[in-house]
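A.B. asks: Provided herewith is a single structure, encoded as structure tokens, for subsequent inquiry.
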Amino acid sequence: MRVLVAKPSPGRFAFLIVTIIVFTIGGFFMLFSESWTMKLVGVVAILFFGVGGVFGLIKMRRAGVTFTADESGIRPGQGGFVPWEHVGQIGVSMAGDTKSLGIEVLDILAYLNTLTPEQRRLAMRLGEGARTIAPGLGDPRAEALPAGMNAPTAAEQQELELMGWARTVNHGYDLLFAAMTLNQSVEKWVEELSAYRDDVMRSRAG
190 MRVLVAKPSP GRFAFLIVTI IVFTIGGFFM LFSESWTMKL VGVVAILFFG VGGVFGLIKM
250 RRAGVTFTAD ESGIRPGQGG FVPWEHVGQI GVSMAGDTKS LGIEVLDILA YLNTLTPEQR
310 RLAMRLGEGA RTIAPGLGDP RAEALPAGMN APTAAEQQEL ELMGWARTVN HGYDLLFAAM
370 TLNQSVEKWV EELSAYRDDV MRSRAG
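Note that my numbering gives residue 377 to position 188 of the sequence shown, counting from 1, and the numbers run on in steps of one.
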């Protein structure tokens, strides 16, 4: 079977760079606000867009792709691997006017274990930052995790709880790929990935 490759177009990549710069500068100026709440938002903006955004861009540029999909599963460009048997719902996630490709991961802990220690720590820091500044997005408690998802250690359980909160906020999805990082529409990728997975699972069953 062919390998599916999602990557940002040059124009979208340039727009992503500008977006990160604008939000990072905005976060920097928030540090001079008299409000501690605004200062906190500024710190998180710098961490999320400045540190996380730059790290993501570097990884994306080096890899040259947003994600790849082959017969074994999906490999996000920023790290990790999700086999098809762990891929649940594939669809469109909306956050305001921002559209993203959303993928549900059925075994979150297995996915986290495919990340490098550096990638895993960064993911958790960004998640905690998002939860700090987004109290209005819903109940911050983790949604009920599927049976068998209890982690063997307290640290891993905290990770699962954070991922559970992120899933709730992201309308049931664990991995999001912003439209600007894709070389075709989100809807087209939903259709193509879903059909590809169905073909893979049929070939395995046959």
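Using N, Cα and C, we set each Cβ at its ideal position, and we do this for glycine too. Bear in mind that the values here come from a model prediction, so they are computed numbers and not experimental data.
Cα-Cα, which of Pro272, Val232, Thr287, Val276 is closest to Asn359?
C.D. replies: Residue 359 sits at position 170 when you count from the first residue of the sequence shown. Comparing Cα positions, the closest option is Thr287.
A.B. asks: Could you check whether Val233 and Gly316 sit closer than 7 Å to each other, using their CB atoms as the reference points?
C.D. replies: Within the sequence shown, residue 316 is the residue found at index 127, counting from 1. Within the sequence shown, residue 233 is the residue found at index 44, counting from 1. No.
A.B. asks: What is the DSSP secondary structure of Gly239, counted as helix, strand or coil?
C.D. replies: Taking the first residue of the sequence shown as position 1, residue 239 is located at position 50. In this structure, Gly239 counts as helix in the three-state DSSP scheme.
A.B. asks: For a test of the three-state rule: what should DSSP assign to His275, helix, strand or coil?
C.D. replies: Walking along the sequence shown from the start, residue 275 turns up at place 86. His275: helix per DSSP, three-state reduction.
A.B. asks: Verify the contact flag: Val294, CB atom, against every heavy atom of the ligand SAM, threshold strictly below 6 Å.
C.D. replies: What this structure holds is no ligand at all, so the ligand SAM is not there to describe.
A.B. asks: Glu307: which of Pro272, Thr342, Gln267, Leu220 sits nearest, CA to CA?
C.D. replies: As a position in the sequence shown, residue 307 is number 118, starting the count at 1. When each option's Cα is compared against that of Glu307, the closest is Gln267.
A.B. asks: Using three-state DSSP, classify Lys196 as helix, strand or coil.
C.D. replies: Here residue 196 refers to the residue found at position 7 of the sequence shown. Here Lys196 sits in coil by DSSP.
A.B. asks: Give me the Cα-Cα distance between Glu274 and Trp225, rounded to the nearest whole angstrom.
C.D. replies: Taking the sequence shown and counting its residues from 1, the one referred to as residue 274 is at position 85. Taking the sequence shown and counting its residues from 1, the one referred to as residue 225 is at position 36. So the two alpha carbons sit approximately 45 Å from each other.
A.B. asks: If you compare alpha carbons, which of Leu364, Val276, Thr303 is closest to Met283?
C.D. replies: Reading the sequence shown from its first residue, position 94 is the one you call residue 283. Checking every option, the nearest Cα to that of Met283 belongs to Leu364.
A.B. asks: Buried or exposed: where does Ala195 fall if 16 or more other Cβ atoms within 10 Å of its Cβ makes it buried?
C.D. replies: If you number the sequence shown from 1, residue 195 lands on position 6. That one is buried.
A.B. asks: What residues in its chain sit with their C-beta under 7 Å from that of Thr305, if we drop five residues either side in the sequence?
C.D. replies: Sequence index remark: in the sequence shown, residue 305 carries index 116 (1-based). Taken in chain order, the residues that qualify are Gly268.
A.B. asks: Should Gly327 go down as buried or exposed, given a rule of 16 or more other Cβ atoms within 10 Å for buried?
C.D. replies: The residue you call residue 327 lines up with position 138 of the sequence shown. Low confidence applies to Gly327: its pLDDT is 45, below 50, so where it sits in the model is not reliable enough to give any reading.
A.B. asks: Run through the DSSP bridge pairs and tell me what Lys288 is partnered with.
C.D. replies: Along the sequence shown, read from residue 1 onward, the residue named residue 288 stands at position 99. In DSSP, Lys288 forms a bridge with Met283.
A.B. asks: If you compare alpha carbons, which of Asp259, Gly285, Tyr362, Ala394 is closest to Thr382?
C.D. replies: In the sequence shown, counting from the first residue as 1, residue 382 sits at position 193. Here residue 382 turns out to be Leu, not Thr, going by the sequence shown. Among Asp259, Gly285, Tyr362, Ala394, the Cα nearest to that of Leu382 belongs to Asp259.
A.B. asks: To which residues of the same chain is Thr370 closer than 6 Å at the C-beta, ignoring the five residues directly before and after it?
C.D. replies: Mapped onto the sequence shown, residue 370 falls at position 181. Around Thr370: Pro197, Thr255.
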